[in-house]
Structure formats: structure tokens, C-alpha cells
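If you read the sequence shown in numbering that gives the first Met the number 0, its first letter stands for residue 0, the second for the next number, and so on.
Using N, Cα and C, we set each Cβ at its ideal position, and we do this for glycine too.
Predicted model only: the values in this text are computed from it and were never measured.
One structure is given here, and the rest of the page talks about it.
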Amino acid sequence: MSDDFYVRYYIGHKGKFGHEFLEFEFRPDGQLRYANNSQYKNDKMIRKEAYLSEGVIEELKRIIHKSEIMKEDDSKWPQPDRVGRQELEIVLGKDHISFCTTKLGTVLQITQSADPEGLRVFYYLVQDLKCLVFSLMNAHFRIQPIQR
């Protein structure tokens, strides 16, 4: 199996405050890139980058593998609309998937979809990935290893 690895997630919409989005990617060299663009109350775009250890990358691969997202197909998922869109791209070894669906606001949307089980796998994996990214970014940018 190849060592290729890449993950990118995007969620966003264009509305009253312009193009608002959250995006992050895990690159093969261990780099985590994060961007959050919210124009609400004239906020500025937030961009952060950090490098992750091999152990963190291995845990990320484990989370993705355990979710079984690589077996899913987004052909029956709701298409992006005026509410917004979500995209998830994963390269894991020789497997490469790319999903695109609308923004999901409630679990009810998932259960009423044409593929509730597949969409549920997507939804919960995305929640796990977002929690991981926010935790890593908070730890990296808030902890000061040298006391002042």
C-alpha cells in the first residue's frame, strides 16, 4: 500500500456577508492548514498552519479508516444549494475519494435523505475531524512551552 495521504474539508456559502467558509487540509508532509473566513461583524479571515507529528497523522488515518468513509458514495446525497456546500477529499494509500453535499443543519436531514447511512458516516466523520483540528489549533497556538 502506498504512503500517499491527504485530507481536505471545506464548508461554506455565499450570502449576506459575502463568501463565508471554513476549510482545513492535512498535507502529506504533516502540515495542517486552516482557514476560517467570516465576514460577520467585519471579522477578518483567520489562517493558521502547524506541522503535526507522525503519531498524530497515524491517529488521523486510523479515525478515517475506522469510519469506513472510503466505502461510501455521495451520488444519493443532497446536492449543494443556496444554503451552502460541504466538500471532503481524502487520499489514503491507493484510494482517493471526493464527496460533495449541501450543508447539513440537523440529523433529521440525514435520516430523511436517500442514503441516510452513508450520510451519517460522512456527518460524524466530519464532526470528528473538526474537533481534532480545533483541538490541535488551540493546543498549538495557545500553549506557551517556555514560561515568561
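CB-CB under 6 Å to residue 113, same chain, minus the five flanking residues each way: which ones, in chain order?
75
Where residue 54 sits in the DSSP three-state scheme:
helix
Tell me residue 67's beta-bridge partners as DSSP assigns them.
In DSSP, residue 67 forms no bridge with anything.
Taking all protein chains shown into account, decide if residue 85 is buried (16 or more other Cβ within 10 angstroms of its Cβ) or exposed.
buried
Just tell me which of 6, 11, 14, 105 has its CA closest to the CA of residue 57.
6
Within its chain, find whatever has a CB closer than 8 Å to the CB of residue 48; leave out the 5 residues flanking it on each side and keep chain order.
30, 31, 32, 33
On the three-state DSSP scale, how would you describe residue 82?
coil
Beta-bridge pairing of residue 17 - partner residues as DSSP gives them:
14
Classify residue 132 as buried or exposed, calling it buried when 16 or more other Cβ atoms lie within 10 Å of its own Cβ.
buried
Is DSSP giving residue 127 helix, strand or coil here?
helix
Supposed contact pair residue 83 and residue 65 - C-beta distance, whole angstroms, cut 8 Å:
Wrong, their Cβ atoms sit about 28 Å apart, outside the cutoff.
Between which residues of its own chain and residue 21 is the CB-CB distance below 6 Å, once the five residues before and five after are set aside?
10, 35
Under a three-way DSSP split, which group does residue 31 fall into?
strand
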